[in-house]
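A.B. asks:
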Amino acid sequence: MVRIASLLRPVATLVQSATGSGQQQPSPSSPSGTPNMSTGSHARFHVLENEDSDEEDVVAAAGWTNKDRRNRPPSASESDGEGHDSLTIPLTAFRDDHADAHDPTDISGALPTPATRSNRRKSMPAKVVGSAFALLDRLPTRRVLAILIVIVGLYKISHYAGIRPSYSIVRTKLEEYSARYNPWHYGSRINWIDVAPVASVNGMRYRAHQEEEEDRYWAWKAIPYAQAPLGAKRFRVAVPIEQPNAGSKDKRAVEERVMDTWDDGCVRPRPREDRTDGPHEEFDGHEDCLKLNVFSPMQRPNSTLLPVMVWIHGGGFVGGSSAEPNYHPGDLLDRAIDLEQPFVFTSINYRLGALGLTASPPEPGAPPTAPHIPTRPASELDLNVAFKDQLLALEWIRDHISLFGGDPEKIVLVGHSAGAMSVGLHQIYSGDRNLFRGAFMLSGAPTSFPVPWPHDAAARTLHPLPGPAQCPSPVQREHGPPQNVDLMECLRSLPIERLYQATRTLTDDSPSNAWFPYYPVLEGEWQPEEGAEDQRRPWLDVRPSERITRGSYAKIPVVMGSVDDEGTRFVRPDIPDGQPEFLEVVKRVFDFTYGAVEELLEPILAFYPSDPKLGSPFFTGPETFGLSSNYKRLSSFIGDILFQAPRRHFLRETPKDFGEDSWNYLYREPRAGAQARFGIQHGADLPSWFGHPDESDDAMIQLSFEMTGYLINFITKLDPNGPGLPRWPKYGMDRLTQQFMRDNTTIVDDSDRLEAMRFLNINNPIFAR
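Using the UniProt record's numbering, read the sequence shown as starting at 1 and increasing by one per residue.
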């Protein structure tokens with residue numbers, strides 16, 4: 001850069017001579033013989049002088065005024081760390097003023113990035129400029145020569161701009177591929193600053209680590225966001241970590257921990273390959289699991305804080321963990337850094353199954369009768385603790401994420417399956433807390449699961465436990481209600497291994513039990529005790545569909561979507577043929593409202609016939625994969641009732657209130673290596689969203705590049721669209737949907753099984769959603 005500027009210095013001086021100005025005259029606001037930078041709007045190039053020279057060091061920038069200089073990164077007075085004044089010379093300073101600032105053919109990024117230049121002696125050889133002027137002074141045709149030099153200089157500049165398209169032809173294949181999807185990659189004008197790998201939170205110093213040598217982000221793993229929910233805190237609402245008092249001798253005040261190990265996650269059944277075998281006898285995880293992870297780029301642009309993505313994992317509220325390999329954010333963060341749209345990634349654990357969603361009755365020994373307002377003190381109501389774990393984690397992120405380089409005002413929630421349902425419920429019930437500004441829901445919606453009353457849920461998840469847990473059960477008296485026995489206290493005293501074995505049968509896939517025994521429950525509309533903490537206030541006061549109808553939810557941008565065959569993973573392959581078997585599954589899903597649902601069975605059977613050509617996996621014709629016709633029939637119904645219909649209901653009901661700021665997608669690519677009977681199964685899109693496609697499949701790599709681009713754009717700008725990507729229109733009343741397929745990202749109409757899903761959504765109150 002300095003060499004270019006030194007070559008152009010004689011041109012600028014000769015122009016002055018050609019116009020008769022002669023030698024530089026002193027400015028009223030500058031020392032004699034020194035150019036005045038504040039009046040440099042016509043002085044195109046300024047050169048760094050030798051530090052022995054009497055002239056002042058000046059900025060090599062195109063027409064910058066003092067105001068311009070204040071706004072450019074970094075400042076001209078920045079130090080290079082060796083005691084010398086230094087400044088950054090952006091390549092863009094030498095571009096034509098009329099060039100397009102977003103020229104996609106700009107190859108400036110292929111040249112060395114903007115560097116810090118010092119005013120040391122070696123920066124500019126002494127007397128070179130003076131010798132050039134002495135030579136020119138002896139030329140008799142100085143005016144003509146000056147004009148010729150200006151013409152040659154302008155030609156060189158224009159020639160440089162003209163060869164940029166030609167230069168791109170000779171780039172490597174990888175550079176061409178990157179340039180195609182990353183229009184910002186070449187010609188970066190961002191000044192990056194380092195992010196410290198140590199953060200002090202609640203008196204603790206957490207040190208990040210670098211997972212791989214080539215990683216460009218710091219990783220903090222398993223940071224606690226709540227006190228361990230052990231002993232008397234089991235089944236209770238999580239308690240925040242206390243800040244140590246100033247001057248206390250708490251060891252946390254000086255302790256530093258390296259956060260380099262994933263947490264095992266919360267207690268959950270160990271996964272099985274074959275669901276027909278029921279839940280595993282062993283479990284993974286542990287109780288002290290209320291931890292979160294933070295991944296932050298090692299550098300961020302200027303001094304700005306970065307947008308934040310909060311990932312909530314799925315698993316039907318009985319399984320899953322933030323540490324699953326599918327959810328690793330490394331490739332996604334690398335993609336964001338390449339796009340110069342870096343963000344901070346966080347993921348959270350929350351209690352699952354019995355530990356997170358055991359519904360204790362609002363009154364001791366309350367029978368499963370009509371709904372009523374709880375009368376126990378608010379301090380004793382511990383309902384929906386899994387969601388309140390999430391809520392406490394979101395509050396922790398809001399309060400502390402700036403210490404990791406994240407902006408607490410630019411948080412976007414992203415979740416899959418039960419995690420997506422959680423995101424939707426927080427949009428409805430936590431929206432007034434200003435914890436996030438966008439929602440991205442993959443295969444889930446706020447009305448995906450039924451929401452029973454606590455005593456109805458307890459009849460299925462709590463009342464069956466005394467026998468398997470060897471706890472006392474309520475004593476039935478001849479007259480009056482059962483004698484009160486504090487079953488919860490007995491369950492709190494059990495070793496976790498024994499408690500898990502007692503609750504394992506509730507997640508059994510036998511026909512007498514539901515797939516998902518644990519649901520969020522209604523807490524009712526009631527006034528909390530005066531001064532009650534946020535976690536003790538009623539959260540899920542009315543059912544989600546009622547809240548949506550009222551328009552009572554956060555008016556924020558939303559992206560939702562699903563895969564074609566959401567239900568295939570949730571139907572047993574050995575399901576027998578016959579209508580009674582089909583109805584038995586319906587009863588298992590809605591067993592606590594089955595009496596009301598019975599009147600809907602006839603139209604359900606009509607909308608979901610036993611014809612394999614109409615079942616899921618779709619687009620497979622009469623193929624049954626050697627299974628009964630009920631497999632495809634039930635897969636279609638389960639996929640619609642739990643995923644497709646709730647997604648469509650939310651998209652159709654909410655846009656009228658916040659300007660149709662919503663987008664929808666449909667993923668139609670099978671997962672690599674999956675059995676044919678699963679079709680485009682639940683979760684098939686996760687590798688593409690996280691940047692983990694099959695590396696041997698170029699088409700899937702390209703699809704993942706597009707999908708990660710959309711996700712990054714939404715996290716950083718609340719709009720999935722951006723340069724280099726096919727346009728993704730808003731959903732709107734036309735139900736416009738982005739279809740993701742290899743070599744076929746296009747717009748389709750979200751109208752599959754339109755009448756069937758309309759019927760399901762109209763009857764949300766009967767389905768208790």
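From the three backbone atoms N, C-alpha and C, an ideal C-beta is built for every residue, glycine too. Since the model is a prediction, treat every value here as computed from it, not as a measurement.
1) Since residue 311 sits in a beta bridge, which residues does DSSP pair it with?
2) Taking only the alpha-carbon atoms, compute the straight-line gap between residue 324 and residue 348 and give it to the nearest angstrom.
3) Write down the C-beta distance between residue 437 and residue 337 rounded to the nearest angstrom, noting that I regard them as a contact closer than 8 angstroms.
4) Just to confirm my understanding: we take residue 753, look at its own chain, exclude 5 residues before and 5 after, and list those with CB closer than 7 angstroms. What are they?
5) Hey, out of 439, 540, 346, whose CA is closest to residue 427's CA?
6) Pick out whichever of 647, 674, 601, 648 has its Cα sitting closest to the Cα of residue 617.
7) Using CA coordinates, which residue listed in 149, 352, 216, 329 is at the minimum distance from residue 236?
8) Per the DSSP calculation, residue 283 is bridged to which residue(s)?
9) Buried or exposed: residue 635, going by 16 or more other Cβ atoms within 10 Å of its Cβ?
10) Grouping DSSP H, G and I as helix and E and B as strand, with all else coil, what is residue 323?
11) Helix, strand or coil for residue 628 per DSSP?
12) Measure how close the beta-carbons of residue 451 and residue 519 come, nearest whole angstrom, since I'm counting them as under 8 angstroms.
13) Pick from 736, 740, 721, 299: whose alpha carbon is nearest that of residue 700?
14) Assess, as a yes-or-no matter, whether the region 455 to 464 is touched by the region 590 to 599 under the definition of 3 or more beta carbon pairs within less than 8 angstroms.
15) Opposite residue 620 in the DSSP bridges: which residues?
16) Pick helix, strand or coil for residue 512, following the three-state DSSP scheme.
17) With a threshold of 6 angstroms on Cβ separation, who are the neighbours of residue 569 within its own chain once the five nearest residues in sequence on each side are excluded?
18) For residue 700, name the three-state secondary structure that DSSP assigns.
19) Does the beta-carbon distance from residue 312 to residue 423 come in below 8 angstroms?
20) Over what stretch of residues does the alpha helix (DSSP H) that includes residue 604 continue unbroken?
21) Measure from the alpha carbon of residue 216 to the alpha carbon of each residue in 303, 671, 331, then state which is nearest.
22) So residue 297 and residue 339 are in contact, right, with Cβ under 8 angstroms, and what is the actual spacing, rounded?
23) So is residue 281 buried or exposed if we call it buried at 16+ other beta carbons inside 10 Å?
24) DSSP puts residue 193 in a beta bridge; with which residues?
25) May I have the straight-line CA-CA distance separating residue 574 from residue 628, to the nearest angstrom?
26) Would you mind giving the Cβ-Cβ distance between residue 417 and residue 443, rounded to the nearest angstrom? I have them listed as a contact below 8 angstroms.
27) Measure the alpha-carbon distance for residue 560 versus residue 358 and round it to whole angstroms.
28) Taking residue 786 as the reference, give the member of 396, 414, 468 with the closest Cα.
29) How many Å lie between residue 607 and residue 193 at the Cα?
30) Helix, strand or coil: how does DSSP classify residue 614 here?
31) Rounded C-beta distance between residue 382 and residue 308? I'm assuming under 8 angstroms.
32) Just how far apart, CA to CA, sit residue 472 and residue 410?
33) For a test of the three-state rule: what should DSSP assign to residue 174, helix, strand or coil?
34) Buried or exposed, going by whether 16 or more other CB atoms sit within 10 Å of the CB of residue 470?
35) Just checking my contact of residue 706 with residue 725 at CB under 8 angstroms: how many whole Å lie between their CB atoms?
36) Under a three-way DSSP split, which group does residue 131 fall into?
C.D. replies: In terms of the structure at hand:
1) 347, 414
2) 12 angstroms
3) That pair is no contact at about 22 angstroms.
4) 640
5) 439
6) 674
7) 352
8) 269
9) buried
10) coil
11) coil
12) 6 angstroms
13) 740
14) yes
15) Answer is none; residue 620 lacks a bridge partner.
16) In this prediction, residue 512 has a pLDDT of 41, which is less than 50 and means its spatial position is unreliable; what the coordinates show is noted afterwards. Coil.
17) 681, 682
18) helix
19) yes
20) 601 to 607
21) 331
22) Not confirmed; about 12 angstroms, so no contact.
23) exposed
24) 300
25) 8 angstroms
26) 5 angstroms
27) 29 angstroms
28) Given that the chain is displayed from residue 1 to residue 769, the structure contains no residue 786 and the question cannot be resolved.
29) 59 angstroms
30) helix
31) About 29 angstroms; that fails the 8 angstroms criterion.
32) 50 angstroms
33) Unreliable positioning characterises residue 174 in this predicted model, as indicated by a pLDDT of 34, which lies under 50. The coordinate reading is nonetheless provided below. Here residue 174 sits in helix by DSSP.
34) exposed
35) 6 angstroms
36) Per-residue confidence for residue 131 stands at a pLDDT of 47, beneath the threshold of 50, marking its modelled position as unreliable; the derived number appears in the next sentence. Residue 131 falls in the helix class under three-state DSSP.
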